[in-house]
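Residues in the sequence shown are numbered consecutively from 4, following the numbering used here. Glycine is no exception: its CB is placed at the ideal position from the N, C-alpha and C atoms. Nothing here was measured: the structure is a model prediction, and the numbers come from that model. Presented below is the structure to which this report refers.
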Amino acid sequence: MARRKKKERAEGLRALSDADLAKELQETYRRLFTLRLQLSTRQSTNTSERAKVQRQIARIRTLQRERELAAAYSALGQGR
Numbered sequence: 004m005a006r007r008k009k010k011e012r013a014e015g016l017r018a019l020s021d022a023d024l025a026k027e028l029q030e031t032y033r034r035l036f037t038l039r040l041q042l043s044t045r046q047s048t049n050t051s052e053r054a055k056v057q058r059q060i061a062r063i064r065t066l067q068r069e070r071e072l073a074a075a076y077s078a079l080g081q082g083r
């Protein structure tokens with residue numbers, strides 16, 4: 004069951020355009036900042052949420068890098 008959720012999250016992100024993915028990354032960084040602030044001021048006690056948000060950031064950045072490499076690879080192939 005856990006694998007299905009991870010797969011659904013990744014597929015949901017893959018469906019986004021580059022601009023939407025960048026916007027999602029920005030919102031996720033903002034969420035991480037808010038969580039850090041809440042944890043430091045003891046407004047929140049859910050420490051696992053921070054790790055989840057960090058993993059989401061890693062997922063988004065990985066997708067951005069995959070797209071960047073795919074674009075570079077296709078440009079290299081067309082140059083021949």
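query, result
"Min CB distance Ala75 to chain B below 8 Å", "Reference to chain B is not applicable here, since this structure consists of a single protein chain."
"Cα-Cα separation, Arg45 to Tyr76", "47 Å"
"Short Cβ contact (8 Å threshold) for Leu24 with Ile63", "yes"
"Residue burial classification, Gln59 (beta-carbon count within 10 angstroms, cutoff 16)", "buried"
"Start and end residues, alpha helix (DSSP H) containing Leu38", "21-43"
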